[in-house]
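In my numbering, the protein residues as written are 21 to 216.
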């Protein structure tokens with residue numbers, strides 16, 4: 021098993037990179053979260069890796085954090101989730117955002133990921149619920165949440181503490197335009213929606 025690579029970034033063309041280590045170039049598939057953080061070609065690079073061996077291919081996947089690799093490995097254990105879909109999930113949202121979606125049963129946000137329909141989102145939530153603790157960060161830096169995601173999550177937490185069920189809250193917020201809104205604005209809008 022190849023656990024990590026340290027070398028020179030020889031080339032990059034999303035989602036694949038070539039890392040040259042002691043004269044050998046390793047082709048590595050990466051999620052967009054890792055790809056967008058890559059240095060310039062010719063720079064030194066370190067990636068946590070996962071080697072997937074199939075009958076017809078051996079594919080090396082690379083991640084900028086241990087947390088991403090752990091989440092990728094956990095996603096592969098989910099029924100009917102392959103490496104392509106797992107990479108898609110990690111490309112579309114941070115590991116923190118994905119955990120929150122699972123904890124809050126937020127199928128709406130998860131369904132926005134390319135390749136994830138409503139049924140797949142529901143299955144991911146059900147199957148990842150028990151595994152999410154084992155996919156918690158093990159020392160790797162978790163990617164920060166966007167400002168919008170932070171405001172949304174703050175609002176969800178507040179509404180749940182008011183006695184609403186997570187699923188109800190997600191359904192309420194899904195109907196709102198929350199772009200550039202503060203947590204307080206989202207709470208106000210959600211309460212108005214619930215009352216109306």
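Just so it is clear, CB atoms sit at the ideal spot from N, CA and C, and this is done for glycine as well.
Whose CA, out of the options, lies closest to the CA of residue i?
| i | options | result |
| --- | --- | --- |
| residue 120 | 172, 71, 70, 140 | 172 |
| residue 46 | 71, 57, 60 | 71 |
| residue 199 | 170, 213, 136 | 170 |
| residue 143 | 103, 98, 118 | 98 |
| residue 6 | 192, 38, 77, 205 | Here the chain covers residues 21 to 216 and nothing more, so residue 6 does not appear. |
| residue 63 | 41, 182, 130, 193 | 41 |
| residue 69 | 44, 33, 23 | 23 |
| residue 217 | 90, 43, 100 | Limits of the chain in this structure are 21 at one end and 216 at the other, which puts residue 217 out of reach. |
| residue 74 | 92, 86, 103 | 103 |
| residue 133 | 109, 152, 27 | 109 |
| residue 101 | 135, 85, 152 | 135 |
Once the 5 residues before and after residue i are set aside, which same chain residues still bring their CB inside 8 Å of it?
| i | result |
| --- | --- |
| residue 35 | 49, 50, 51, 52, 55, 107, 111 |
| residue 186 | 123, 124, 125, 126, 176, 180 |
| residue 195 | 213 |
If you count every other CB in all the chains shown that lies within 10 Å of the CB of residue i, and 16 or more means buried, which is it?
| i | result |
| --- | --- |
| residue 150 | exposed |
| residue 83 | buried |
| residue 57 | exposed |
| residue 88 | buried |
| residue 148 | buried |
| residue 77 | exposed |
| residue 21 | exposed |
| residue 163 | Bear in mind that the predicted position of residue 163 carries a pLDDT of just 44, short of 50, making it too unreliable to give a figure here. |
By the three-class DSSP mapping on this structure, what secondary structure does residue i have?
| i | result |
| --- | --- |
| residue 78 | strand |
| residue 26 | strand |
| residue 139 | helix |
| residue 32 | strand |
| residue 162 | Interpretation of residue 162 is limited by its pLDDT of 41, a score under 50 that renders its predicted location unreliable; no figure is taken from the coordinates. |
Starting from the C-beta of residue i, find all residues in its chain whose C-beta is less than 7 Å away, skip the five residues before and the five after it, and write them out in chain order.
| i | result |
| --- | --- |
| residue 207 | 175, 178, 179 |
| residue 29 | 37, 39, 58, 59, 61, 62, 63, 65 |
| residue 137 | 131 |
Examine the ligand GTP and report whether any of its heavy atoms sits within less than 6 Å of the Cβ of residue i.
| i | result |
| --- | --- |
| residue 104 | This structure does not include the ligand GTP; it has no bound ligands of any sort. |
Taking 6 Å as the limit between beta carbons, can you name the residues of its chain near residue i, skipping five residues before and five after?
| i | result |
| --- | --- |
| residue 145 | 122, 125 |
| residue 141 | 127, 130, 131 |
| residue 209 | 196 |
| residue 105 | 135 |
Note to self: If we require 4 or more residues per run, which alpha helix (DSSP H) segments fall completely within the stretch 39–119?
What the structure shows: 52–55, 86–96, 103–112
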